[in-house]
Ligand SMILES: [Fe+2]
Ligand SMILES: [Fe+2]
Ligand SMILES: [Fe+2]
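See the structure below:
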């Protein structure tokens with residue numbers, strides 16, 4: 010793998026992770042639990058789509074084959090997507106959406122804060138712009154985890170259920186492969202091993218405050234770094250890509 | 018000094034084009050009229066999120082997705098300002114929501130039409146938001162302060178939506194033959210429903226004197242409809258599209274277009290609840306509201322505990 014290929018893979022992975030997560034979040038738009046929250050979650054989806062678009066634009070540029078960010082988003086197949094598995098899981102109820110978001114926000118804030126120091130100027134720029142946004146996202150999801158954990162019996166039970174469903178997908182956030190190795194050496198990528206202890210500590214504090222129990226299973230699912238997904242991704246793509254694929258020569 | 022006559026003060030303010038503010042005295046029929054109009058407008062914004070929201074996950078480019086998502090979010094924001102404006106007249110959000118969810122309150126009938134293709138997203142932005150602006154622009158100077166101020170912000174965003182909708186139509190009309198066909202089909206389906214947005218013909222809707230005096234209305238339904246057609250025709254011609262109306266033609270004498278009346282029987286039918294989406298829109302609002310119940314309950318329980326802890330400390 011050349012370092013240019015690694016940079017393409019890396020940008021693609023980050024872009025896909027953002028796009029697929031935002032695609033899930035915007036399923037809530039117009040259907041949120043109350044108006045203010047509908048607007049807040051839509052706002053978060055907008056930030057994450059914006060970031061995903063910038064990352065895919067960069068991936069397309071690095072690839073240098075004349076593809077655009079839309080070609081990458083709408084004309085790749087299931088096995089060519091590298092979003093983390095946790096982002097493609099169905100939203101479930103609001104508790105599951107929120108607990109997943111808290112796991113991701115906690116990771117993303119540390120990750121993009123570190124990436125802002127990347128030697129790659131474009132990635133550093135995108136990351137720097139994202140820090141403020143993610144700080145807000147994290148405050149939002151963390152406060153809801155706390156509210157659900159200390160709200161009613163029902164909200165607590167739903168939150169615990171949501172946690173049980175997504176927990177095994179959190180380990181993959183930290184998985185690294187050859188792409189990371191190459192780019193870490195060049196000072197471009199973030200060494201995810203360095204983020205793990207802090208993430209665990211923060212998440213532990215959050216879950217404890219919300220009276221949640223971490224599921225006993227220590228087994229962590231993985232696969233997305235190789236383009237291996239859950240059954241859910243194909244449906245997301247079928248919906249997301251339908252129109253451009255129906256009209257492959259069209260511009261929108 | 019004599020006794021202050023509140024009614025005279027109110028009338029004097031109207032006459033001077035001053036704003037009526039929440040703490041001011043106002044006649045009961047004024048308050049009622051405004052509550053009904055503002056809450057209906059708010060409901061329209063909220064229900065209006067659904068037909069366009071229908072296309073968010075299928076928007077065909079990342080840019081189009083961002084634009085649409087932001088638009089739908091704006092509409093929700095409009096709903097929020099308007100509910101807040103209505104609350105200042107002494108009705109609660111819960112009461113208004115209850116009226117919407119039980120089908121007691123009305124919302125704009127246009128949102129009971131389906132968005133069948135991506136071109137509908139463009140047609141709705143361009144035509145429906147366009148017609149809404151024409152109806153609403155005068156409300157920026159309406160007599161009730163909170164409503165007028167909400168409308169200033171809303172109208173600004175609606176014109177943005179209209180431009181974005183037209184831009185979307187431009188991509189389609191100048192795109193592939195299939196895209197152009199999609200644009201024409203959307204225009205065919207949205208033309209008459211949009212004309213209906215200005216309300217029944219003047220002959221059937223006597224101009225309420227109060228509506229003019231209260232600066233809620235300045236022009237009649239037919240005048241607004243005529244202005245909309247005059248303004249929109251050049252835009253349609255630029256796109257190389259046609260309206261589904263054989264009788265539409267320029268009338269030099271009146272310096273405006275002659276055009277066919279929409280089907281008022283259909284209009285009444287959709288208002289009565291027989292549009293293809295009436296039931297679905299209401300079901301969708303009810304479903305979200307019901308599924309959000311435990312979330313709202315949790316937030317309230319948590320806030321209550323925080324308060325108790327605060328008071329105990
Ligand atoms: Fe509106
Ligand atoms: Fe609006
Ligand atoms: Fe709008």
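Chains as they are written, first to last, in my numbering: chain A, 10 to 261; chain B, 18 to 330. Glycine included, every Cβ here is placed at the ideal spot set by N, Cα and C. Keep in mind the model is a prediction, meaning the values are calculated, not measured.
Please compile the residues from chain A whose C-beta is within a distance smaller than 9 Å of the C-beta of residue 308 (chain B).
-> Near residue 308 (chain B) (Cβ distances below 9 Å), the residues of chain A are 40, 42, 102, 103.
Cβ-based neighbour list, residue 276 (chain B), same chain, cut-off 7 Å, excluding 5 preceding and 5 following | 246, 262, 264, 265.
Three-state secondary structure (DSSP) of residue 280 (chain B) | Coil.
Opening and closing residue of the alpha helix (DSSP H) in which residue 247 (chain B) lies = Where residue 247 (chain B) is concerned, the enclosing alpha helix (DSSP H) starts and stops at 238-256.
So, helix, strand or coil for residue 274 (chain B), using DSSP?
-> Residue 274 (chain B) falls in the strand class under three-state DSSP.
Which residues in chain B sit within 7 Å of residue 47 (chain A), going by Cβ to Cβ distance?
-> Per Cβ cutoff of 7 Å: 93.
Does DSSP put residue 72 (chain B) in a helix, in a strand, or in coil?
-> In the three-state reduction of the DSSP assignment, residue 72 (chain B) falls in the coil class.
Cβ shell of residue 142 (chain A) (< 7 Å), same chain only, five flanking positions each side left out | Excluding positions up to five away in sequence, the list reads 56.
Ignore the nearest five residues each way along the sequence and tell me which others in residue 241 (chain A)'s own chain have a CB closer than 7 Å to its CB.
-> Spatial neighbours of residue 241 (chain A) in its own chain (CB-CB distance under 7 Å, excluding positions within 5 residues in sequence) are listed in chain order as 97, 98, 99.
Can you tell which of B:252, B:156, B:144, B:160 has its C-alpha closest to the C-alpha of residue 209 (chain B)?
-> Taking only the C-alpha atoms, the option nearest residue 209 (chain B) is B:144.
Report the residue from B:133, B:79, B:111, B:182 whose alpha carbon sits nearest the alpha carbon of residue 253 (chain A).
-> When only C-alpha atoms are compared, the closest one is B:79.
Using CA coordinates, which residue listed in B:186, B:86, B:152 is at the minimum distance from residue 234 (chain B)?
-> For the residues B:186, B:86, B:152, the minimum Cα distance to residue 234 (chain B) belongs to B:152.
Report yes or no: do three or more beta-carbon pairs, one from the stretch 106-125 of chain B and one from the stretch 171-186 of chain B, lie closer than 8 Å?
-> No contact exists between the stretch 106-125 of chain B and the stretch 171-186 of chain B.
Closer than 8 Å, Cβ to Cβ, to anything on chain A: give me those residues from the stretch 49-64 of chain B, in chain order.
-> Cβ contacts with chain A come from 63.
Can you give the Cα-Cα distance for residue 39 (chain A) and residue 131 (chain B), rounded to whole angstroms?
-> Each residue's CA atom was taken as its position, placing residue 39 (chain A) and residue 131 (chain B) some 16 Å apart.
Where residue 35 (chain B) falls, given that 16 or more other Cβ within 10 Å makes a residue buried = With fewer than 16 other Cβ atoms within 10 Å, it is exposed.
CB residue 62 (chain B) to CB residue 96 (chain B), shorter than 8 Å?
-> In terms of Cβ geometry, residue 62 (chain B) and residue 96 (chain B) form a close pair [threshold 8 Å].
N-terminal and C-terminal residue of the beta strand (DSSP E) that residue 303 (chain B) is part of = No beta strand (DSSP E) contains residue 303 (chain B), which is instead part of the alpha helix (DSSP H) from 295-308.
State buried or exposed for residue 247 (chain A), treating a residue as buried only when at least 16 other CB atoms are found within 10 Å of its CB.
-> By the neighbour-count definition (other C-beta atoms within 10 Å, threshold 16), residue 247 (chain A) is an exposed residue.
Taking only beta-carbon atoms, is residue 138 (chain B) less than 8 Å away from chain A?
-> So no, residue 138 (chain B) is outside the interface.
Chain B contact residues for residue 89 (chain A), given Cβ-Cβ distances below 9 Å = For residue 89 (chain A), none of the residues of chain B pass the 9 Å Cβ criterion, the least Cβ distance being about 17 Å.
By Cβ distance below 8 Å, which residues in the same chain neighbour residue 44 (chain B) in space, the five residues on each side in sequence not counted?
-> Excluding positions up to five away in sequence, the list reads 24, 27.
Can you find a CB in chain B that lies within less than 8 Å of the CB of residue 240 (chain A)?
-> For residue 240 (chain A), the answer is no, since every Cβ of chain B falls outside 8 Å of its Cβ.
Buried versus exposed call for residue 225 (chain A) [16 or more other C-beta atoms within 10 Å across all chains shown] | Looking at its Cβ environment, which holds fewer than 16 other Cβ atoms inside 10 Å, residue 225 (chain A) is exposed.
Chain A contacts from the stretch 151-180 of chain B (Cβ-Cβ distance under 7 Å) = The stretch 151-180 of chain B vs chain A, Cβ under 7 Å: nothing.
Give me whichever residues DSSP pairs with residue 267 (chain B) in a beta bridge.
-> Paired residues: B:274.
Hey, how far is the Cα of residue 218 (chain B) from the Cα of residue 288 (chain B)?
-> Computed Cα separation, rounded: 15 Å.
Looking only at its own chain, which residues have a Cβ that is under 6 Å from the Cβ of residue 123 (chain A), when we skip the five neighbours before and after it?
-> Counting only residues of its own chain and dropping the five nearest sequence neighbours on each side, residue 123 (chain A) has a CB closer than 6 Å to the CB of 199.
Of all the CB atoms in chain B, is at least one closer than 8 Å to the CB of residue 80 (chain A)?
-> Output row for residue 80 (chain A): interface = no.
Under 8 Å between beta-carbons, which chain A residues line up against residue 354 (chain B)? List them in chain order, please.
-> Outside the displayed range of chain B (18 to 330) lies residue 354 (chain B), so it cannot be described from this structure.
For the putative contact between residue 161 (chain A) and residue 318 (chain B), defined by C-beta atoms under 8 Å, what is the C-beta separation to the nearest angstrom?
-> Between residue 318 (chain B) and residue 161 (chain A) the Cβ distance is about 5 Å, and since that is below 8 Å, they are a contact.
Can you tell me where the alpha helix (DSSP H) with residue 111 (chain A) in it begins and where it stops?
-> Where residue 111 (chain A) is concerned, the enclosing alpha helix (DSSP H) stretches over 103-124.
Ends of the alpha helix (DSSP H) at residue 128 (chain B)?
-> Where residue 128 (chain B) is concerned, there is no enclosing alpha helix (DSSP H), given that its DSSP letter is neither H nor E.
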